[in-house]
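A.B. asks: Here you go, one structure.
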Amino acid sequence: MPVNGQDPWAKRSGLTAILIAVPELAECTDRWRTASFSSARPDLALSELIPPHVTVLVPWLKDPAPEHVQRLTDAVSAVRPFELSFPTAEQFPNGPVWLRPEPFDQVRALVRTVISAFPECPPYGGDHPDPRPHLTISAQDRDPVLAEVQAALAAAPAPTVTLDDLTIWREGDDQVWQLTGSVPLG
1 MPVNGQDPWA
11 KRSGLTAILI
21 AVPELAECTD
31 RWRTASFSSA
41 RPDLALSELI
51 PPHVTVLVPW
61 LKDPAPEHVQ
71 RLTDAVSAVR
81 PFELSFPTAE
91 QFPNGPVWLR
101 PEPFDQVRAL
111 VRTVISAFPE
121 CPPYGGDHPD
131 PRPHLTISAQ
141 DRDPVLAEVQ
151 AALAAAPAPT
161 VTLDDLTIWR
171 EGDDQVWQLT
181 GSVPLG
């Protein structure tokens, strides 16, 4: 959220994140993600910065070491893989339109498990201590987007995917995110 008119996330780079990557949803979401832009890189569409995903924890550690990856592995070792769907769209009060992952409570429990394993890494830098899992498809407040997405989902539901791992990403100096690893569930 902007602070004094400035987006604190726009002037950062080199972050790492733990994500539920769902590139299978690109075909369903890129209609909006290609027309939506990040404050970090207003010249690149969301679809060019990072694939569709649900954020589990950002920022994570500046330089994750093998023991940090092992801590993540241990934290999710009891979580069994499960089917993940995105049947509905919602909108945050500040504008972004997003898809709701289901089963929502199970996704939220997974996010909370990871957050608990890394208390030194408050989600969103402490701005959102109990984040709502979501897949952002439009970062700007554009009125017709929510209605468009809801109509599109009613006509052709987003694909269901199997969530069987968490992915680790690093933001480059150009604010484009790169996959650096993954951790299996279960």
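Residue numbers (the working numbering): 1 to 186. Glycine included, every Cβ here is placed at the ideal spot set by N, Cα and C.
1) Rounded to whole angstroms, what is the Cα-Cα separation between residue 246 and residue 16?
2) Looking at the secondary structure, which residues open and close the alpha helix (DSSP H) in which residue 67 lies?
3) Let me confirm a value: residue 138 is counted as buried when at least 16 other C-beta atoms fall within 10 Å, else exposed. Which label applies?
4) What does the alpha-carbon distance come out to for the pair residue 5 and residue 39?
5) Have a look at residue 9 and residue 96 and give me their C-alpha separation to the nearest angstrom.
6) Whose CA, out of 30, 24, 22, 43, lies closest to the CA of residue 174?
7) Could you have a look at residue 19 and say whether DSSP puts it in helix, strand or coil?
8) Since residue 72 and residue 183 are thought to touch, with beta carbons under 8 angstroms apart, how far apart are those beta carbons, to the nearest angstrom?
9) Distance, Cα to Cα, residue 115 vs residue 148?
10) Using 8 angstroms as the cut-off, can you tell me whether the stretch 109-124 makes contact with the stretch 65-84, which would need three or more C-beta pairs spanning the two stretches below that distance?
11) With the cut-off set at 8 angstroms, would you say residue 93 and residue 186 are in Cβ contact?
C.D. replies: Taking the structure as given:
1) Since the first residue shown for the chain is 1 and the last is 186, residue 246 is missing from the structure and cannot be characterised.
2) For the purposes of this step, residue 67 is identified with residue 67 of the sequence shown, where counting begins at 1. Bounds of the alpha helix (DSSP H) holding residue 67 are 66-76.
3) As a first step, residue 138 is located in the sequence shown; it is residue number 138 there, counting from the start. Under a 10 Å Cβ-count criterion, residue 138 is classified as buried, with 16 or more other Cβ atoms of the shown protein chains found around its own Cβ.
4) Taking the first residue of the sequence shown as 1, we reach residue 5 at position 5. Taking the first residue of the sequence shown as 1, we reach residue 39 at position 39. The pLDDT assigned to residue 5 is 46, lower than 50, so where the model puts this residue is not dependable; a value taken from the coordinates is nonetheless given after this. About 12 angstroms.
5) Taking the first residue of the sequence shown as position 1, residue 9 is located at position 9. Taking the first residue of the sequence shown as position 1, residue 96 is located at position 96. In this prediction, residue 9 scores a pLDDT of 49, lower than 50, which makes its location untrustworthy; no coordinate-derived value is stated.
6) Working through the sequence shown from its first residue, we reach residue 174 at position 174. Minimum Cα distance to residue 174 is reached at 43.
7) What you label residue 19 is simply residue 19 of the sequence shown in a count that begins at 1. It is a strand residue.
8) By one-based count along the sequence shown, residue 72 stands at place 72. By one-based count along the sequence shown, residue 183 stands at place 183. That belief holds up - the Cβ atoms of residue 72 and residue 183 are roughly 5 angstroms apart, short of 8 angstroms.
9) For this step, residue 115 is matched to residue 115 along the sequence shown. For this step, residue 148 is matched to residue 148 along the sequence shown. So the alpha carbons of these two residues sit roughly 33 angstroms apart.
10) Look at the beta carbons and you see the stretch 109-124 touching the stretch 65-84: at least three pairs across the two are nearer than 8 angstroms.
11) Within the sequence shown, numbered from 1, the residue matching residue 93 stands at position 93. Within the sequence shown, numbered from 1, the residue matching residue 186 stands at position 186. No; because the gap between Cβ atoms is not below 8 angstroms, this pair is not in contact.
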